[in-house]
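Below is one structure, written out as structure tokens; comments come after it.
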RNA sequence: GCGGGUGUAGCUCAGUCGGUUAGAGCGCAAGAUUGUGGCUCUUGAGGUCGCCGGUUCGAUCCCGGUCACUCGCCCCA
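Numbering (the working numbering), first residue to last: 96 to 516.
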């Protein structure tokens, strides 16, 4: 229809949407400060290696969803499909290993080549939090508490539940994985085609299959609990009791898994049924092995990411009225005076609407439409006496005031507005 | 990558069993109203009927392809 179309799976944000977006990021950022996080901004593209090595060669994110390109120097680059790997790379590149733990917060665009649908875009935006260099159940609980606090402040915890699970340490994971593979191989013929593929590529993924038949088979499958080492079990119990201690409700879901290879121990997801086929709004877990994989020393870490577009689907946002006052010249002769006056007010931090065209009636209509509560009318008489005619748009009342007085009153009005919020 | 649904005005949608100038509501613009607003009334602008091809005397309508949007599968925040 239109000659220029946006790239598939991308979206433009105007006005209210853009404000909504910014509101969420700002809330997360200031809350992050409250929890002691430092903001970090990393490039949106990295050497492809950063993701290839860390996410798991067989994960879909790497094998079919990554935007990879060769730059003019012949190096293989990738648009970041997620935040953690880049943050860890930055952590290592900048020698932050000397000062642990690091609590890092970020927000920005991510890119995945996927079929767009509700809550899923090719360019989407995430907020993320990572705590690198500390292994304590309290850290996991604190990270989750931050996410929980954010969702609560956004007023979207209604209808959102926290699902919790442990993937165990490397040893637990290995034992469980082997048992699971053995079991599913024995019933392979009954598995769905998708899950037969998963059995080859990523057997743990069968656990969260949506297929009815698979779910039936899962009832008889080995339980992860049985394969948890005492250390892994104790750690998970610690996370659960820490959450209970601060009154965060959760639901243990033994079938919860993580998509990316680097996760171990705690895994969690805040899920909602209002996101179409998607469910996770904020999800993460512990990834103790990742830093070592990327060439650093053995360093424990835990974090999460939240989809900003998904948060927007769940939350409502009412923008504030922007303009404090509209200045309306009665005729073109007062236009310059109105312009000068508007500038004075703006320098005093008062937001001013000024129309450049139309007669008084037109401009009044414009002001009304923009929900402006105050209008200053400037005519020949006002100019001569250095007054303004101040009209209250709600009551319809209007009074004449000397300009200086009107200016002072306007600033007071503004302050009052601020106090109210 | 696979499957379903939908593409007509800026937005939400009618409509033509294939026929000459394609409609409504909202929105937008002008006027009624030359120093005063949301209501009302009048008038107006705005469309390659997604795109390409086929069938036909004739296609916005039927058929094929394609693109886009949307929902789901896969996967994931």
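Cβ coordinates follow ideal geometry from the N, Cα and C atoms, glycine included.
In the three-state scheme derived from DSSP, where H, G and I count as helix and E and B as strand, residue 484 is classed as strand. Less than 8 Å separates the beta-carbon of residue 419 from that of residue 469.
DSSP places residue 288 in the uninterrupted alpha helix (DSSP H) bounded by 288-296. Only residues of its own chain outside the window of five on either side were considered, and among them 202 have a CB closer than 6 Å to the CB of residue 120, listed in chain order. Per DSSP, the unbroken alpha helix (DSSP H) holding residue 144 starts and ends at 143-150. Here residue 181 carries a helix assignment [DSSP, helix/strand/coil].
Taking the C-beta atoms as reference points, residue 239 is found no nearer than 8 Å to residue 123. For residue 273, the three-state secondary structure derived from DSSP is helix.
Excluding the 5 residues flanking it on each side, residue 145 has same chain C-beta neighbours closer than 7 Å at 180, 181, 184, in chain order. Closest by C-alpha distance to residue 113, out of 413, 261, 292, 197, is 413. Residue 271 and residue 363 have their alpha carbons spaced roughly 19 Å apart. In the same chain as residue 300, and ignoring 5 residues on each side of it, the C-beta atoms closer than 7 Å to its own belong to 293, 352, in chain order.
Proximity to residue 338 across 218, 233, 213, 198 peaks at 233, based on C-alpha coordinates. Around the C-beta of residue 308, fewer than 16 other C-beta atoms lie within 10 Å, and the residue is accordingly described as exposed. Between residue 243 and residue 257, the CB-CB gap stays under 8 Å. Residue environment for residue 176: buried (at least 16 other C-beta atoms within 10 angstroms of its C-beta). If you draw a straight line from the Cα of residue 168 to the Cα of residue 400, it comes to about 32 Å. For residue 455, the three-state secondary structure derived from DSSP is helix.
Boundaries of the beta strand (DSSP E) harbouring residue 472: 469-473, taken from the DSSP string.
In this structure, residue 188 lies away from residue 263, with their beta-carbon atoms at least 8 Å apart. For residue 330, there is no enclosing beta strand (DSSP E); the enclosing alpha helix (DSSP H) has its first and last residue at 325-340. Residue environment analysis places residue 117 among the exposed positions, since fewer than 16 neighbouring C-beta atoms fall within 10 angstroms of its C-beta.
Per the C-alpha coordinates, the member of 449, 322, 220 positioned closest to residue 467 is 449. Counting along the chain, the unbroken alpha helix (DSSP H) around residue 237 starts and ends at 232-248. Taken through DSSP and simplified to helix, strand or coil, residue 394 comes out as coil.
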